[in-house]
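Input: a single structure, listed below in structure tokens.
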Amino acid sequence: MELLKERIRKDGVIKEGNVLKVDSFLNHQMDIKLLNEIGKEFKRLFAGEKIDKILTIEASGIGIAAIVAQYFDVPVVFAKKSESINLDGEMLTAPITSFTHKKEYQVIVAKRFLHAGENILVIDDFMANGCAAEGLCKIIQSAGANIKGIGIVIEKGFQDGGKMLREKGLRVESLAIVESMDAENQTIVFRDDT
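Letter by letter, the sequence shown follows residues 35 to 228 in my numbering.
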């Protein structure tokens, strides 16, 4: 998605440790016009799939998933990273490790929101090692629902997440795949750059 890649080049900041900051337009402050284009693109990519719900993880995935859900006309369910007093009933859980936060979470989804036989699309902002997407897929499977695909806004292609999930036979559609980043020169190379 050229519009997204242009924005990453313009406003993304590369930090040491393979961190790409896009918080000025994607996951802290959100550019809603850009998110609308992202929603349209995921709808185009998954147009042949029947989608019943979108599943994401708090917090950065929620805004993106909500925009995408408008194009599919389906609800968004998000996995919580911590228990709260308003969670009740049977829970579906999976462990995930956050690359950005260097922390392990036990993510939680109330079972009443995911049903056997439903077709679920996973949406998230970033993929590095694929732990979040893999954890969400485990939750979908434990609900008896169907994983129809994984939509990622930015994938770090030089890390193993996308490769690992694709090797498991999962459909992963990433809008921008970063092949390399250089923090010193603030340069970025995308997979399909020529």
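All C-beta atoms in this analysis are idealised placements derived from N, C-alpha and C, irrespective of residue type, glycine included.
Ordered along the chain, which non-local residues of its own chain (more than five positions away) have a Cβ less than 7 Å from that of G73?
For this step, residue 73 is matched to residue 39 along the sequence shown. Closer than 7 Å at Cβ, skipping near neighbours: I101, V102, Q104 and Y105.
Three-state class that DSSP yields for Q104 in the structure shown:
Position 70 of the sequence shown, counted from the first residue, corresponds to residue 104. Q104: helix per DSSP, three-state reduction.
Candidates G183, D227 and N61: which alpha carbon is nearest R78's?
As a working note, residue 78 is residue 44 in the sequence shown. When only C-alpha atoms are compared, the closest one is G183.
Cβ neighbours of S214 in the same chain (closer than 7 Å, five flanking residues each side left out)
For the purposes of this step, residue 214 is identified with residue 180 of the sequence shown, where counting begins at 1. The answer, listed in chain order, is F192 and V223.
Chain-order list of residues whose beta-carbon lies under 6 Å from that of K84 (same chain, five-residue window excluded):
Locating residue 84 in the sequence shown gives position 50, where the first residue counts as 1. The residues are N153.
Pairwise C-alpha distance: N219 and Q175
Locating residue 175 in the sequence shown gives position 141, where the first residue counts as 1. Locating residue 219 in the sequence shown gives position 185, where the first residue counts as 1. Each residue's Cα considered, the two are about 43 Å apart.
Beta-carbon contacts of G123 that lie in its chain and below 7 Å, excluding the five residues immediately before and after:
As a first step, residue 123 must be located in the sequence shown, where it is residue number 89. Excluding positions up to five away in sequence, the list reads A144, K145 and R146.
Where in the stretch 38-98 do unbroken runs of the alpha helix (DSSP H), each at least 4 residues long, occur, reported from the N-terminal end onward?
66-79
At which residue ranges does the stretch 118-180 contain complete alpha helix (DSSP H) runs of 4 or more residues, listed in the order of the chain?
165-176
Minimum C-alpha distance to M125 - residue among K114, M35 and D226:
Within the sequence shown, residue 125 is the residue found at index 91, counting from 1. Here the closest residue by C-alpha is K114.
May I have the straight-line CA-CA distance separating V212 from L54, to the nearest angstrom?
In the sequence shown, residue 212 corresponds to position 178, counting from 1. In the sequence shown, residue 54 corresponds to position 20, counting from 1. Taking the straight line from one Cα to the other gives about 10 Å.
Is T15 near F112, with beta carbons less than 7 Å apart?
As shown, the chain starts at 35 and ends at 228. That puts residue 15 outside it, with no answer to give.
Taking the alpha-carbon positions, what's the L155 to I42 distance?
Position 121 of the sequence shown, counted from the start, is the residue given in the question as residue 155. Position 8 of the sequence shown, counted from the start, is the residue given in the question as residue 42. One C-alpha to the other measures close to 24 Å.
Excluding the five sequence neighbours on either side, which residues of its own chain have a C-beta within less than 8 Å of the C-beta of D216, listed in chain order?
Within the sequence shown, the letter at position 182 stands for residue 216. Answer for D216: I48 and I222, listed in chain order.
Taking all protein chains shown into account, do 16 or more other C-beta atoms lie within 10 angstroms of the C-beta of D227, making it buried, or fewer, making it exposed?
Here residue 227 refers to the residue found at position 193 of the sequence shown. The residue in question, D227, is exposed, as its Cβ has fewer than 16 Cβ neighbours within 10 Å.
Name the DSSP beta bridge partners of G185, please?
For this step, residue 185 is matched to residue 151 along the sequence shown. Answer by DSSP bridge pairing, in chain order: I157 and E207.
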